[in-house]
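Below is one structure; the comments refer to it alone.
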Amino acid sequence: MTFPRNRWILALLGLPALLFSAVTRVRNRYYDRPASSRSAGLPVIAIGNLTVGGTGKTPVVQWLCRRLLAEGEQPAVITRGYGGKAGVGPLVVSRGRGPEIPAERCGDEPYLLAESLEGVRVVAGSDRIACAREARLMGATVAVLDDGFQHRRLRRDLDIVLLDRQAPLGNGRHLPAGPLREHPSGLRRAGVVLVTRSEEGDDLSDATTLVRSFNPTAPIVAARHVPDGFADSTGRSHQAPQSVFGFCGIARPESFLRNLERTGVTVSGFRPFPDHHPFSDRELAELAAAAAGSGASLVTTRKDLARMSGRNHPALPAILSLGLDLVIDRPDVLMEAVRGAVSGRKAT
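Just so we're aligned: the sequence shown equals residues 1 to 348 in the UniProt record's numbering.
This is how it looks when you write it as structure tokens:
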């Protein structure tokens, strides 16, 4: 996701950005009052960030749900369902046995989560309180709120805030002049800060300085995404192709390109599309022709391939996706905070 660099355009966007910042400050002051939020009747762990665009929330949601399952909890993912037609909801995407509705209705992220998280309920809709209550009625013991840092109407027991190590605040400007959803002082609400896209041994001093200027106590944990193999639309694993033509419709396509390169394959071509882009039949045909012309396999992200599920297009069976695995340097620190939040909520 890119934002303008021209100083004249930035100047024109300055007033809207200032107004956006003022509105979010007033809104946050309102929700700082305990009585302003509402409980769903079960512990809520929110995963989110300060900026628009990808910081790797989906792999964190998957990782956390699997850990909660392993510890005997019955987690449910509560998600907005961007790019779908979930509406207000609650729309039950999965009861723990895979997606029950197509991606075009629920959105690519809920579909991918439902497909990849056996035993985890997934509920989509803009009314996150109603969605969490529906999950509780289905037997969930803890709700994982996807992209929920700014959705403060639903009371939560822990906020896990993701910061991209390479650009934690983007250009430092609020929407629409930059990626900030709120002032960085919002970090004071974080229970844990996860610094994503961190390579092993990276210096986290800049991120630490930023966090500590607003939050002196939250644990700061590094995380990174590593390529986890190629698979087709049925989930069947494939050996890494010699040459690939990559395409994606995600917020930060450059991160997908880097991950392709890390696998050691030859990237013969790459075409980015806007976030949550609905690929047309014509575009898929053009991509397939471009890949064939360079003797390469057509590869996209798991999220993009999930969005194309159910389509009947001759190119789809040959499209591969590159999976990502999340590596957290100090998982015990993160899970200690999660356990404390869950047990504390259940004790009340």
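Each residue gets a CB set at the ideal place from its N, CA and C atoms; glycine is no exception.
The structure presented is a predicted model; accordingly, all values stated were derived computationally and were not measured.
Query raised in the report: For the 8 angstroms Cβ check, are there 3 or more pairs between the segment 112 to 126 and the segment 90 to 102?
Result: yes
Requested in this report: Identify, in the order they occur along the chain, each residue of the same chain with its Cβ nearer than 6 angstroms to the Cβ of Leu175, setting aside the five sequence neighbours on each side.
Outcome: For the purposes of this step, residue 175 is taken as the residue at position 175 of the sequence shown. So the qualifying residues of the chain are Phe20.
Query raised in the report: With a Cβ-Cβ cutoff of 8 angstroms, do Gly84 and Cys131 count as a contact?
Result: As a working mapping, residue 84 is identified with position 84 in the sequence shown. As a working mapping, residue 131 is identified with position 131 in the sequence shown. Result no, Cβ atoms of Gly84 and Cys131 do not sit closer than 8 angstroms.
**Report entry** Delimiting residues of the beta strand (DSSP E) encompassing Thr79
**Finding:** Walking along the sequence shown from the start, residue 79 turns up at place 79. Start and end: 75 to 79.
Query raised in the report: Is it right to say Ala306 is buried, meaning 16 or more other beta carbons lie within 10 angstroms of its own, or is it exposed?
Result: Within the sequence shown, residue 306 is the residue found at index 306, counting from 1. Under this definition Ala306 is a buried residue.
Report task. May I have the straight-line CA-CA distance separating Arg181 from Asp164, to the nearest angstrom? Result -> If you number the sequence shown from 1, residue 181 lands on position 181. If you number the sequence shown from 1, residue 164 lands on position 164. Cα to Cα, the separation comes out at about 14 angstroms.
Query raised in the report: Pick from Gln62, Ala46, Gly235, Gly107: whose alpha carbon is nearest that of His277?
Result: Looking up residue 277 in the sequence shown gives position 277. When each option's Cα is compared against that of His277, the closest is Gly107.
Query - Environment of Leu154 [buried if 16+ CB atoms lie within 10 Å] - result: As a position in the sequence shown, residue 154 is number 154, starting the count at 1. Buried, because 16 or more other Cβ atoms sit within 10 Å of the Cβ of Leu154.
Report task. Take the Cβ of Gln62 as the centre, count every other Cβ of all protein chains shown within 10 Å, and call the residue buried at 16 or more, exposed below. Result -> Looking up residue 62 in the sequence shown gives position 62. Buried is the call here.
Query - Beta-carbon proximity check, Gly269 vs Ala290, cutoff 8 angstroms - result: If you number the sequence shown from 1, residue 269 lands on position 269. If you number the sequence shown from 1, residue 290 lands on position 290. Cβ atoms of Gly269 and Ala290: closer than 8 angstroms.
Query raised in the report: CB Val144 to CB Pro219, shorter than 8 angstroms?
Result: Residue mapping note: residue 144 aligns to position 144 of the sequence shown, counting from 1. Residue mapping note: residue 219 aligns to position 219 of the sequence shown, counting from 1. Contact flag unset, no.
Report task. Report whether the distance from the Cβ of Leu326 to the nearest heavy atom of the ligand SAH is below 7 angstroms. Result -> With respect to the ligand SAH, the structure offers nothing, as it holds no ligand at all.
Requested in this report: Return the first residue and the last residue of the alpha helix (DSSP H) that Pro17 is part of.
Outcome: If you number the sequence shown from 1, residue 17 lands on position 17. Inspection of the sequence shows that residue 17 is occupied by Ala rather than by Pro. Per DSSP, Ala17 belongs to the alpha helix (DSSP H) from 7 to 31.
**Report entry** From Arg197, Thr79, Asp203, residue whose alpha carbon lies closest to that of Asp325
**Finding:** As a position in the sequence shown, residue 325 is number 325, starting the count at 1. Of the candidates Arg197, Thr79, Asp203, the one whose C-alpha sits nearest the C-alpha of Asp325 is Arg197.
Query - Closest by C-alpha distance to Ser126, when choosing among Gly139, Leu18, Gly148, Val142 - result: Indexing the sequence shown from 1 puts residue 126 at position 126. If we check each option's Cα against that of Ser126, Gly148 comes out closest.
Requested in this report: Locate the alpha helix (DSSP H) running through Gly293, then write down its first and last residues.
Outcome: In the sequence shown, the residue the question calls residue 293 occupies position 293. Note, Gly293: alpha helix (DSSP H), 281 to 293.
Report task. Could you tell me if Ala46 is buried or exposed, where buried requires 16 or more neighbouring beta carbons within 10 angstroms of its beta carbon? Result -> Counting from 1 along the sequence shown, the entry for residue 46 is found at position 46. Counting Cβ neighbours within 10 Å, Ala46 comes out buried, since at least 16 surround it.
**Report entry** Contacts around Ala17, its chain only, beta-carbon distance under 8 angstroms, and the 5 residues preceding and following it disregarded
**Finding:** The sequence position of residue 17 within the sequence shown is 17, counting from 1. Contacts found: Arg173, His174, Leu175, Pro176, Ala177, Gly178.
Query raised in the report: Of the choices Ala315, Gly344, Thr58, whose alpha-carbon is the least far from that of Asp232?
Result: Sequence index remark: in the sequence shown, residue 232 carries index 232 (1-based). Residue Ala315 is the option with its Cα nearest to Asp232.
**Report entry** Ile129, DSSP secondary structure in three states
**Finding:** One-based indexing of the sequence shown puts residue 129 at position 129. Three-state DSSP puts Ile129 in a helix.
Query raised in the report: Beta-carbon separation of Ser294 and Leu320 under 8 angstroms?
Result: Looking up residue 294 in the sequence shown gives position 294. Looking up residue 320 in the sequence shown gives position 320. For Ser294 and Leu320, no; Cβs fall outside 8 angstroms.
Report task. Counting only the same chain and skipping the five closest in sequence on each side, list residues whose C-beta sits under 7 angstroms from that of Arg152. Result -> If you number the sequence shown from 1, residue 152 lands on position 152. Only Tyr31, Ser37 meet the Cβ criterion.
Query raised in the report: Does any CB atom of chain B fall closer than 8 angstroms to the CB of Gly96?
Result: No chain B appears in this structure, which consists of one protein chain only.
Query raised in the report: How should Asp304 be labelled, buried or exposed, when 16 other C-beta atoms within 10 angstroms of its C-beta is the threshold for buried?
Result: Residue numbering aside, residue 304 sits at position 304 when the sequence shown is read from its first letter. By the 10 Å Cβ count, Asp304 comes out buried.
**Report entry** Residue interval of the alpha helix (DSSP H) (run including Arg307)
**Finding:** Stepping through the sequence shown from its first residue, residue 307 is reached at position 307. First-last of the alpha helix (DSSP H) with Arg307: 302 to 307.
Requested in this report: To the nearest angstrom, report how far apart residue 356 and Phe214 are at their CA atoms.
Outcome: Look at the range of the chain in this structure, 1 to 348, and you will see that residue 356 is not part of it.
Query raised in the report: Can Leu64 and Arg302 be called in contact, C-beta distance under 8 angstroms?
Result: Locating residue 64 in the sequence shown gives position 64, counting from the first residue. Locating residue 302 in the sequence shown gives position 302, counting from the first residue. Going by C-beta atoms, Leu64 is not nearer than 8 angstroms to Arg302.
Query raised in the report: For Pro272, which of helix, strand or coil comes out of DSSP?
Result: Taking the first residue of the sequence shown as 1, we reach residue 272 at position 272. Of the three classes helix, strand and coil, the one that applies to Pro272 here is strand, per DSSP.
Query raised in the report: According to DSSP, which residues form a beta bridge with Asn49?
Result: If you number the sequence shown from 1, residue 49 lands on position 49. According to DSSP, Asn49 bridges with Leu162.
Query raised in the report: If we ignore side chains and look at the alpha-carbon of each, how far apart do Gly87 and Asp157 end up?
Result: Counting from one through the sequence shown, the residue named residue 87 turns up at place 87. Counting from one through the sequence shown, the residue named residue 157 turns up at place 157. When rounded, the distance between both Cα atoms is 26 angstroms.
Query raised in the report: What does DSSP give as the partner residues of Phe230 in its beta bridges?
Result: As a first step, residue 230 is located in the sequence shown; it is residue number 230 there, counting from the start. Per DSSP, His238, Leu322.
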